[in-house]
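Protein chains in written order, with the working numbering: chain F, 2 to 403; chain L, 2 to 403.
Beta carbons: idealized from backbone N, C-alpha and C, even for Gly.
Working notes, structure below.
2 protein chains.
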Amino acid sequence: MSKPKVVILGAGYAGLVTARQLTKKLSQEEAEIVLINKHNYHYESTWLHEVAAGTLTPNQARFMISDVVNPNRVRLIYDTVLEVNKDDQRVVLENSEVTYDYLVIALGFVTNTFGIKGMEENAFFIQDIESSRLIAEHIEYQFAKYSAGEITDDDELNIIVGGGGFTGIEFVGELVEEVPRLCKKYDIPRNKVRIINVEAAPSILPMFDKDLVSYAIQSLESRGVEFRMGAAISECTKEGFIVGEDKELIKGGTVVWTGGVTGNPVLGKSGFEIVKGKVNVDADLRVQGEENIFALGDCSWVMDKESGRPYPPTGQLATQEGVVAAENIKALINNEPLKDFIFSDKGTVASLGVTDGIGNIFQGTKIKGKSAAAMKKVVDDRTLFLVGGPKTVLKKGKFRPF
Amino acid sequence: MSKPKVVILGAGYAGLVTARQLTKKLSQEEAEIVLINKHNYHYESTWLHEVAAGTLTPNQARFMISDVVNPNRVRLIYDTVLEVNKDDQRVVLENSEVTYDYLVIALGFVTNTFGIKGMEENAFFIQDIESSRLIAEHIEYQFAKYSAGEITDDDELNIIVGGGGFTGIEFVGELVEEVPRLCKKYDIPRNKVRIINVEAAPSILPMFDKDLVSYAIQSLESRGVEFRMGAAISECTKEGFIVGEDKELIKGGTVVWTGGVTGNPVLGKSGFEIVKGKVNVDADLRVQGEENIFALGDCSWVMDKESGRPYPPTGQLATQEGVVAAENIKALINNEPLKDFIFSDKGTVASLGVTDGIGNIFQGTKIKGKSAAAMKKVVDDRTLFLVGGPKTVLKKGKFRPF
Ligand SMILES: Cc1cc2nc3c(=O)[nH]c(=O)nc-3n(C[C@H](O)[C@H](O)[C@H](O)COP(=O)(O)OP(=O)(O)OC[C@H]3O[C@@H](n4cnc5c(N)ncnc54)[C@H](O)[C@@H]3O)c2cc1C
Ligand SMILES: Cc1cc2nc3c(=O)[nH]c(=O)nc-3n(C[C@H](O)[C@H](O)[C@H](O)COP(=O)(O)OP(=O)(O)OC[C@H]3O[C@@H](n4cnc5c(N)ncnc54)[C@H](O)[C@@H]3O)c2cc1C
């Protein structure tokens with residue numbers, strides 16, 4: 002009898018935690034483990050806004066998968082997943098195919114433009130390392146062109162950000178750090194560069210209380226961010242966003258859309274039933290109606306029985322799911338009962354640049370300012386610890402212990 | 002009786018040396034000195050190819066003028082010279098006007114496209130700090146776009162360089178250092194990126210002997226530079242250079258023209274008699290027919306009595322002229338006879354990247370390889386010493402003494 006084969010798609014938060022937990026829970030003899038990821042590195046999705054702003058280098062936000070997963074224990078395949086064939090228990094990759102007994106789908110998110118005209122073609126997305134660093138390079142290139150006189154229109158220096166959610170706000174928070182540095186480097190007066198956040202809803206950051214939100218708005222405005230709330234974007238052109246009923250054009254040389262994400266399109270291509278871009282999973286994290294397929298992180302909806310609504314997709318949720326998925330795979334292999342996933346909310350902290358932030362922690366404690374900024378770094382290091390272990394925290398962590 | 006007023010236009014090699022020498026030769030009471038420059042910094046023109054390739058940061062190639070010229074002794078005006086009005090002894094700046102008793106024109110070079118169609122619009126130039134760093138930013142942006150899948154045509158990664166003279170060859174020498182670094186950073190195979198040097202003449206670097214030239218060609222080819230010699234560029238389009246009779250298109254995502262320079266166009270606008278883009282000066286460095294106007298460096302032709310042809314324009318020539326111009330201004334003020342300029346040739350060294358080069362030194366000694374590369378750094382530090390003094394060498398020099 003051959004060993005059961007567990008195949009994990011994606012080495013993000015959920016996939017990497019699942020893989021690392023499985024190596025701890027199962028011996029070499031009990032199961033073969035395969036981890037498939039597009040690149041040979043894992044990156045911190047929750048840090049991508051910093052890469053996009055240029056406040057963090059790509060290398061600080063990623064590490065080699067083989068540094069945190071033993072390649073002798075886990076077969077590492079660096080390839081792009083195209084499709085899952087459930088009937089054959091087979092995964093189609095760009096360059097090969099892999100069969101499985103148990104499958105974990107943890108392929109994360111892609112940006113969702115909601116079909117807004119021109120957005121796909123004309124806006125940048127904060128989606129992965131490459132797309133994020135492209136934004137930083139584009140911004141700097143605009144400054145270089147302006148200082149060399151190749152472009153003269155001040156609007157070309159504007160950075161306009163569609164979406165006032167977590168990513169959009171944390172991104173403008175980084176921009177207020179980076180723009181003054183670029184201004185200095187390129188001898189451009191700071192007041193020539195506008196950072197404009199555009200949001201359709203009447204306010205930003207819907208997950209936070211009113212007073213934290215107004216604190217965030219004031220903090221960012223005082224450092225030069227302009228907010229255009231209640232401004233629905235109907236179209237994105239080469240020049241910028243078209244908003245509102247009078248079709249006002251908000252111009253910018255750098256146009257970034259952070260207004261939404263959805264589950265990886267591999268799900269749809271593979272014939273899973275898609276609900277708002279993701280698949281519904283049962284309490285044990287298996288895809289509804291499937292015996293041997295788990296879907297985690299931004300690829301699935303897990304019902305929160307207390308609120309009656311699915312948990313909001315976060316990195317925190319994804320890592321916690323990884324732990325339970327590994328336990329349940331072990332249970333399946335050993336013919337034991339599976340356990341239900343329950344999310345343990347450690348709170349949410351949004352950064353507003355390096356030294357400011359807002360957050361809800363410990364069920365209801367609100368924090369803001371420097372303590373929130375410090376807490377954010379603790380959260381980031383904690384996540385890093387979960388996916389990469391202590392050595393990775395030492396190498397890439399945001400608090401240097403020495 | 003008011004003090005005579007000496008106005009120096011340009012704080013490049015020639016202008017900065019003139020200003021510094023004048024402060025040493027003349028007391029505060031003997032003359033008022035004004036130095037006018039576009040920026041508040043001096044940059045090393047001879048290092049711009051490194052800035053353009055990205056192997057040197059702009060800050061390493063420039064320093065504040067007020068760090069090397071005492072602002073209490075020399076009035077420093079940071080503005081752009083538009084025109085000299087000889088009849089009124091007046092210089093028109095973008096934001097003001099300045100009168101003079103003695104004038105030194107040291108405004109350097111601009112790139113010369115020789116009217117090649119499309120070159121002005123579509124090619125980058127290595128002309129000053131801004132235009133050079135724009136090239137480095139553009140190259141990196143191409144890599145970022147390629148790695149993010151925004152451009153897919155491999156030709157977009159090509160860097161094509163028009164001109165096989167000093168600047169063009171030193172530039173490709175830096176590119177062979179930088180491209181592998183960018184390839185690594187952006188996970189792009191080195192062989193996808195072509196560096197192509199295009200030269201109309203049958204060979205490159207006309208100032209060097211045949212054997213040094215073939216050494217240079219072999220060295221650069223072995224590190225991945227392609228040469229297209231005997232390929233006259235008839236047009237530059239958005240896609241690249243069109244060469245030869247069959248109108249072949251050499252494609253590149255980064256197109257740089259280094260094929261020629263000429264004197265600053267302020268000369269022509271001011272009504273001086275222009276010969277091949279510059280003005281002829283007498284042996285005492287005064288503009289022919291003018292009593293009180295000197296033209297130095299890349300703005301003038303100085304006849305070499307031995308060869309019967311003007312000295313080739315170099316940084317070395319410019320600095321030496323600065324010394325003599327200062328002496329002759331002092332002589333004019335004191336009603337003493339002026340002296341003739343004689344160029345003392347210290348030799349010429351071209352770098353081929355960080356660890357290779359070719360050169361002629363000490364009247365006829367040929368060097369190549371590591372010793373030429375080392376000598377090049379000595380030359381660079383020597384020039385830096387002449388324009389900036391010992392402290393500047395310590396801060397920006399290419400050999401760290403510790
Ligand atoms: C800028 C930003 C800031 C955020 N801030 C926070 C925060 O502060 N707190 C928080 O909890 N959440 C935050 N989030 C949300 C959080 O990042 C996501 O919920 C989390 O990344 C989901 O984890 P995951 O494991 O599902 O996917 P990911 O961690 O995104 O991993 C997906 C992996 O799959 C790989 N992959 C994708 N497609 C393929 C394919 N076809 N083939 C092979 N491999 C593939 C990817 O390369 C990646 O390694 C933020 C998100 C963003 C974008
Ligand atoms: C890439 C490169 C490599 C080179 N390598 C060598 C080498 O190895 N050895 C060598 O001897 N020579 C070399 N040269 C040539 C050398 O750089 C020039 O001959 C030298 O710079 C001429 O000095 P200059 O004082 O005339 O002008 P520059 O040193 O160029 O200075 C001109 C100054 O005038 C200022 N200016 C220009 N226009 C205006 C305006 N309208 N108003 C106000 N200010 C203005 C500029 O900002 C600048 O500060 C190289 C040139 C290049 C481009």
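* Find the nearest neighbour of F/M304 within the set F/K279, F/F242, F/F363 and F/T153, judged by alpha-carbon distance. => F/K279
* Asked: Are any of the Cβ atoms in chain L nearer than 8 Å to that of F/K397?
  -> no
* Asked: Hey, is L/S148's beta-carbon within less than 8 Å of any beta-carbon in chain F?
  -> yes
* Asked: Do L/V35 and L/R76 have their C-beta atoms closer together than 8 Å?
  -> yes
* Consult DSSP for F/Y142 and reduce its assignment to one of helix, strand or coil. => helix
* Between which two residues does the beta strand (DSSP E) carrying L/H43 extend? -> Y42 to Y44
* Given a cut-off of 8 Å, decide if L/D341 and L/A284 are closer than it, judged by their beta-carbon atoms. => yes
* To do: Go through the stretch 69 to 102 of chain F residue by residue and report every complete run of the beta strand (DSSP E) that reaches 3 residues or more, in order.
  => 75 to 79, 82 to 86, 91 to 94 and 98 to 100
* Taking 7 Å as the cut-off, is the CB of L/N73 close to at least one heavy atom of ligand 2? -> no
* Asked: Quick one: Cα of L/E84 to Cα of L/Y142, how far?
  -> 37 Å
* Asked: Can you name the start and end residues of the beta strand (DSSP E) that F/K4 belongs to?
  -> Note, F/K4: premise wrong, no beta strand (DSSP E); not H, not E.
* Asked: Can you tell which of F/K239, F/E249 and F/N73 has its C-alpha closest to the C-alpha of F/G231?
  -> F/E249
* Asked: Going by the beta-carbon positions, is the gap between F/V350 and F/A319 smaller than 8 Å?
  -> no
* Asked: chain F beta carbons: is any one of them nearer than 8 Å to that of L/S1?
  -> In this structure chain L extends from 2 to 403, so residue 1 of chain L is not present and cannot be described.
* Closest Cβ-Cβ distance between F/E151 and chain L: below 8 Å? -> yes
* How big is the Cα-Cα spacing for L/K306 and L/A62? -> 34 Å
* Asked: Of the residues F/A53, F/V69, F/D188 and F/K6, which one's Cα is nearest the Cα of F/V105?
  -> F/K6
* If we count the other Cβ atoms within 10 Å of its Cβ and call it buried at 16 or more, is F/P402 buried or exposed? -> In this prediction, F/P402 has a pLDDT of 44, which is less than 50 and means its spatial position is unreliable; nothing more can be read from the coordinates.
* Asked: Alpha carbon to alpha carbon, how far is L/I189 from L/E171?
  -> 24 Å
* To do: Identify whether F/L36 lies in helix, strand or coil by the three-state DSSP scheme.
  => strand
* Give the secondary structure of F/N335 by DSSP, where H, G and I count as helix, E and B as strand, and everything else as coil. => coil
* Asked: Does DSSP classify F/N281 as helix, strand or coil?
  -> strand
* Cβ shell of L/T238 (< 7 Å), same chain only, five flanking positions each side left out -> G119 and N123
* Outcome for L/N38 when other beta-carbon atoms lying within 10 angstroms are tallied against a minimum of 16 -> buried
* Any non-hydrogen atom of ligand 3 within 7 Å of F/L36 CB -> Although ligand 3 was asked about, the structure shown includes only ligand 1 and ligand 2 as ligands.
* Test item: CB-CB of L/I130 and L/V52 under 8 Å -> yes
* With 16 other Cβ atoms within 10 Å as the buried cut-off, status of L/E30 -> exposed
* Return the CA-CA distance between F/R21 and F/N361, expressed in angstroms with no decimal places. => 29 Å
* Alpha carbon to alpha carbon, how far is L/T255 from F/A202? -> 42 Å
* **Rounded C-alpha distance that separates L/K25 from L/N113** => 36 Å
* Check whether the Cβ of F/S132 lies closer than 8 Å to any Cβ atom in chain L. => yes
* To do: Measure the C-alpha to C-alpha separation of L/V355 and L/A137 and round it to an integer number of angstroms.
  => 17 Å
* Give a yes or no on whether the minimum CB-CB distance between F/Y44 and chain L is below 8 Å. => no
* chain L partners of F/A62, CB-CB under 8 Å? -> Within 8 Å Cβ-Cβ: nothing; F/A62 doesn't reach chain L, min ~13 Å.
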